[in-house]
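Positions -14 to 112 (this note's numbering) are the ones given, in order, by the first sequence.
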Amino acid sequence: MATNRPGLKFKDVPANESMQADSDFYHRVYNVVASIPSGKVSTYGHIGAALGAKSSARMVGWALNAAAGRNDVPAHRVVNRMGALSGATHFATPTLMRELLEAENIAFIDDAVDLDKHLWVPPIDEF
DNA sequence: CGGCTGACTGCGA
DNA sequence: TTCGCAGCCAGCC
C-alpha cells in the first residue's frame, strides 16, 4: 500500500471526511476501528497487535487523534487496556465518549468499560 | 538536528 | 499487590 509519503503527512490532510488517509498506518487503524461492531469496544494494544505489533499502542492513539472528527471512525469504541476512557478528554466534551458508549448499551464499571462483556478483538489476518 | 511529549503497555522492584 | 520506569514512533518545539 501507499507507505508514508514524505511531505504528505496525515496531519496535512484537511477536514475532508471524503478523503482517505494516505498514511498506510493511519488507514489501517481506521479500518480496524471502523470494524468494531456496535456495542463492542477494543483496546489500543489489540489494535496495535492487529497491525502486526509493529507500532506501539501510542501510535494507535496518535492515529485516533488525527481521526477525531471523522464520523466514519468510531474512536469512542477504543479504550485502554483497563477499559478506562483515556481518550475522553480529546472529544468535544469529556463526557461525550461515555455518552456514546452508553448509547450503545455498553456496561460501565465506575469510569471504565466492562471489557469482560464488551471487549472485541480484531482479526489479526488482514490488518 | 536534538529533545520532549503523548488517546499505552508490560516488566521489574 | 502497588508503584515506577523504559520502550514504542511520529509530531512539535
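Backbone N, C-alpha and C fix where the C-beta goes; we use that ideal spot for every residue, glycine too.
- DSSP, reduced to helix, strand and coil, places Phe76 outside both helices and strands of the structure shown, so it counts as coil.
- As the crow flies, the alpha-carbon of Lys25 is around 7 Å from that of Ile91.
- Close CB contacts of Phe93 within its chain, under the 8 Å cut and outside five residues either way in sequence, are with Arg83, Leu86, Glu87, Asp99 (chain order).
- Per the C-alpha coordinates, the member of Arg43, His103, Ala51 positioned closest to His12 is Ala51.
- The beta carbon of Gly30 lies closer than 7 Å to those of Ala42, Arg66 in the same chain, with the five residues before and after it left out.
- Ala35 is not a Cβ neighbour of Val58, given a cutoff of 7 Å.
- For Val45, the three-state secondary structure derived from DSSP is helix.
- Each residue's CA atom was taken as its position, placing Ser23 and Ala69 some 18 Å apart.
- The beta carbons of Val14 and Val45 sit closer together than 7 Å.
- Judged by DSSP in its simplified three-state form, Val106 adopts coil rather than helix or strand.
- In the structure shown, the three-state DSSP call for Val18 is helix.
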